[in-house]
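Worksheet: the structure to be examined is printed underneath.
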């Protein structure tokens, strides 16, 4: 029969599986690691790039097809006209033996200039106006095709320059000749190259503009979420009266605004209801506790008449009753802070003198066997003045010293020294309480200031004498005095709790 879990423990199949093996979390894809604003910007930029590629490609290939077709048609027309002229001249002098000079002169008359070059194959002999463009410059396949009596047009690159060229071949069977005309199309190639560069530059500009528009659209779309984020941060910081401003300009945001404000209203109402409940319960407990405390004093005054067993039971009752009274007092203090009714009485006091007196006043209340700590006051702190609630600061020191006595074997040193300058330019002092215990684990250094949290100390020595509210009250008192508090590890081991408080502007230290 499987063992039954202890009362209050809840065990699920998932938790059991996690306890038996390590669950691997799914890796986030690179795209999801980007922020929403970056993803929107990238989407706009990629969309603009894709659109530019499509439109640029369509424009380029359409224009290229049109220009190439026009050039081929014009070249073919010119080649056929020149072939007709050559055939006429050769037919008129068919009985005359043509010399190379005469034939080349005839080809020169047919050429339109440097843009075209004529090549003629007459009865097996090749003639050309220039040696740069001869029969060997023509593609072999084209020569064979025209030689078989089929006209041909082909694009190729000139051997001597590598420039693009277009050749048109026309067979002239009436005179036993094949006429070829080679056209220089470098100007067309340059035109297409410039067109491609222009389209590329336009696509690049369009992509950049798309990214700019995407960034603007993302910022404008996320602006309401920025307001929601700020409001959430303010609410998390305790400003429960924070609300989003309702607007009718954007109907899509009306539902978000109303839902968020409704959520905060319900949250504030619940917190206030719980705070009132805690306050009411604490108040109701004070009267019977007062009666019990008075009865306990009477019994303690007659303790000599009781048996040893009864006296021991009376001592236990007294310890628990005083602990209960302390807890009720702490709950009342916290409830007043939660409801915003905490009273803060600020007065200017010497920082060094305040620290020294607070330690001296609370040393006597420490548990037996715990010696007084060493008090170290930096000379600069002795000249500083604080605008502070003395009662709350003394309570902070009392709780820190008591915490060190219960969980750290007692405080070893209380040090007051200058702190760093704040962002607003105000100087600070730091008051730290160190002990020689085992310290506070890094994972618990923020949680120890939560209410009723005692962490691993709950099962250690002295854990039964603490309420779990002492450090929570420390954090609240420090906050009401405009300071901060944190826990870390002291030099040489042990825990160190540090309180940082702002100094008056006229402190005058360096």
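In this note's numbering, the protein residues as written are 167 to 676.
We put the beta carbon where it would ideally sit given N, CA and C, even for glycine.
Exercise for review: Quick one: grab the DSSP three-state call for residue 552.
Suggested key: strand
Check your understanding: Does the Cβ-Cβ distance between residue 600 and residue 578 come in under 8 angstroms?
Key -> yes
Review point. What does residue 313 pair with, by DSSP beta-bridge criteria?
Key: For residue 313, which the question treats as bridged, DSSP gives no partner whatsoever.
**Study point:** Alpha-carbon to alpha-carbon, residue 472 and residue 638
**Key:** 40 angstroms
Check your understanding: Roughly how many angstroms separate the alpha carbons of residue 232 and residue 359, rounded to a whole number?
Key -> 15 angstroms
**Study point:** Member of 421, 466, 331, 299 whose CA lies at the smallest distance from the CA of residue 482
**Key:** 466
**Study point:** Distance between residue 200 and residue 357 (C-alpha atoms, nearest Å)
**Key:** 42 angstroms
Check your understanding: Does the distance from the C-beta atom of residue 442 to that of residue 427 stay below 8 angstroms?
Key -> no
Point to revise | Residue interval of the alpha helix (DSSP H) (run including residue 521) | key: 517-529
Check your understanding: Could you give the distance in angstroms between the alpha-carbon of residue 555 and the alpha-carbon of residue 653?
Key -> 22 angstroms
Exercise for review: Give me the Cβ distance between residue 517 and residue 582, rounded to the nearest whole Å; I'm assuming they're in contact under 8 angstroms.
Suggested key: 7 angstroms
**Study point:** Endpoints, beta strand (DSSP E) assigned at residue 321
**Key:** 318-323
**Study point:** Counted within 10 angstroms of its Cβ, other Cβ atoms place residue 528 as buried (16 or more) or exposed
**Key:** buried
Point to revise | Minimum length 3: unbroken beta strand (DSSP E) runs contained in the segment 318-374 | key: 318-323, 330-338, 343-350
Check your understanding: For the alpha helix (DSSP H) that residue 255 lies in, which residues bound it at each end?
Key -> 202-258
Review point. What are the partner residues of residue 662, as DSSP defines its beta bridges?
Key: 600, 654
Check your understanding: Is DSSP giving residue 485 helix, strand or coil here?
Key -> helix
Review point. Relative to the alpha-carbon of residue 560, which residue among 220, 288, 523 has its alpha-carbon at the smallest distance?
Key: 523
Point to revise | For residue 292: DSSP bridge partner residues | key: 287
Check your understanding: On the premise that residue 419 lies in contact with residue 203, defined as a C-beta separation below 8 angstroms, what is that separation, rounded to the nearest angstrom?
Key -> Wrong, their Cβ atoms sit about 18 angstroms apart, outside the cutoff.
Check your understanding: Exposed or buried, which one is residue 298 when buried takes at least 16 other CB atoms within 10 Å?
Key -> exposed
Practice item. Report back the beta-carbon spacing between residue 305 and residue 322 to the nearest angstrom; my notes put them in contact at under 8 angstroms. Key: 5 angstroms
Point to revise | The beta strand (DSSP E) enclosing residue 582, as first and last residue numbers | key: 577-585
Check your understanding: Taking the Cβ atom as the reference point for each residue, do residue 692 and residue 211 lie within a distance shorter than 8 angstroms?
Key -> Nothing about residue 692 can be reported from this structure: the residues present for the chain run from 167 to 676 only.
**Study point:** Bridge-paired residues (DSSP) for residue 667
**Key:** 595
Exercise for review: Could you have a look at residue 568 and say whether DSSP puts it in helix, strand or coil?
Suggested key: helix
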